Every structure is written in structure tokens, then in C-alpha cells.
Amino acid sequence: MEDSKIIELYWQRSEQAISETAGKYGRLLRSIAMNILNNFSDAEECENDTYAAAWNAIPPTRPNVFSAFLGKITRNIALNRWEYNRAARRNREFDLVLEELEECVSGRESVESLFEAGQLAELINEFLKGLKRETRVIFVRRYWYSDPVKEIASRLRISESKVKVVLFRTREQLKNFLEERGVCL
Numbered sequence: 007m008e009d010s011k012i013i014e015l016y017w018q019r020s021e022q023a024i025s026e027t028a029g030k031y032g033r034l035l036r037s038i039a040m041n042i043l044n045n046f047s048d049a050e051e052c053e054n055d056t057y058a059a060a061w062n063a064i065p066p067t068r069p070n071v072f073s074a075f076l077g078k079i080t081r082n083i084a085l086n087r088w089e090y091n092r093a094a095r096r097n098r099e100f101d102l103v104l105e106e107l108e109e110c111v112s113g114r115e116s117v118e119s120l121f122e123a124g125q126l127a128e129l130i131n132e133f134l135k136g137l138k139r140e141t142r143v144i145f146v147r148r149y150w151y152s153d154p155v156k157e158i159a160s161r162l163r164i165s166e167s168k169v170k171v172v173l174f175r176t177r178e179q180l181k182n183f184l185e186e187r188g189v190c191l
């Protein structure tokens, strides 16, 4: 079913909207949550929470890109769950993803405050637009979807070492880009 028709089901308050969303995007949403949480039952719960959040947001919201809308909700729910779980146990893979980016985006202001203001997000989007497609895909798969290096390499049919080199160089470029635009690191 097309996204516009699924969204229309939400507007009509039809419960079929949830099942259509699950059928079309369930795997993607679980994958996003699983990459962050590394726990299947938590990922399933995040997926279900995403459906509830979408139900509550539509209407009044009418998303332009439904998959991105759902992905953002799932990612935020999974990050909140990760923060909650972090006190009790650690997800080494996601901690590693955060540590990799830390040198590029941490500074005197907290990353959260910059994101809330939208400044850092706008700068990162500007930076990403200037990258070659393959580099951008590698960067987004790693730092938005939290995909493991091995999975990115397999998806793009390149070596893991190439992915690591591209990520290292791109983080350095991002750091320089942000410093040139006055972000204190």
C-alpha cells in the first residue's frame, strides 16, 4: 500500500493503519532499534511504541516522507530506552558509535543543546550534502542507523577496511568543517 493511503487510514482513525505500517516498515523499525539497543525484545517494544506514537501524531501531523517520520520516532524511542538501560548494562556496539562521533561533535555546549537549537543538525546536513554518495551512505548508515562496519561493507560490496578508512576521514572532515563554522569542539 502506498504511504499516502496508509497516512489516510491514520486520518480516518482506522486500525488497519497500524497493520499496514507494520507490514511495510516493521523490519526497518526493528532494525533501527536493534542497532541501538542490541536486544530483540527491547527493539520489538520500540517498534510497537512507534506505532502508538504515529497513531497519536497523525493527525494533526501529515508526514511528507513516512519512512523517515517513522524512523525518527523509532530512533528517538530507542535512544531513550538505551539511556535508561545504560545505567544497568552497556551496549558496547552503540557506545562505540557514540565514541567515534564524540571527537567531532562534543564541545563546551552539550550535543543535546546544539541539537535542540537545530544549529548542529543544520551544519551536519550541509556537510552531508557536500559528500560523495558512497561516503554519505557509509556515514549515515553508521551514525544514523548504527549499522555495524561489517554490515555496511557487505551492503556496499566493499571491504571493511575501506569503510573504516572512509569513516575516519569523514569524521576528520566533519570536525574541520564544524570548526571552520565556529562550533567549539
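So the sequence shown is numbered by the working numbering: it starts at 7 and just counts up by one. Virtual Cβ for every residue (Gly too), placed ideally from N, Cα, C. This structure is a prediction, so every number in the text was calculated from the model and none was measured.
Nearest-angstrom Cα separation, counted from residue j out to residue i
i	j	result
V172	L102	16 Å
K41	F133	The identity of residue 41 in the sequence shown is Asn, whereas the question assumes Lys. Cα-Cα distance, rounded: 24 Å.
E140	S165	13 Å
K135	R142	8 Å
P66	I38	25 Å
E8	E186	43 Å
K168	R161	13 Å
N182	N131	15 Å
G29	Q125	36 Å
R147	E157	9 Å
Proximity of residue i and residue j at Cβ, strictly below 8 Å
i	j	result
T80	L35	yes
V155	K170	yes
G32	E53	yes
R92	D48	no
E106	R177	yes
A84	L43	yes
I13	P69	yes
Outcome for residue i when other beta-carbon atoms lying within 10 angstroms are tallied against a minimum of 16
i	result
E26	buried
S152	buried
Y90	exposed
F174	exposed
R163	exposed
R19	exposed
A58	exposed
F46	exposed
* **alpha helix (DSSP H) runs contained entirely in the segment 117-186, provided each spans 4 or more residues** => Counting only runs of 4 or more, we get 117-123, 125-135, 139-149, 155-162, 166-186.
* Write down every uninterrupted run of the alpha helix (DSSP H) in the segment 50-111 whose length is 4 residues or greater and which is fully enclosed by it, in chain order. => Within the segment 50-111, the complete alpha helix (DSSP H) runs of at least 4 residues are 72-92, 98-111.
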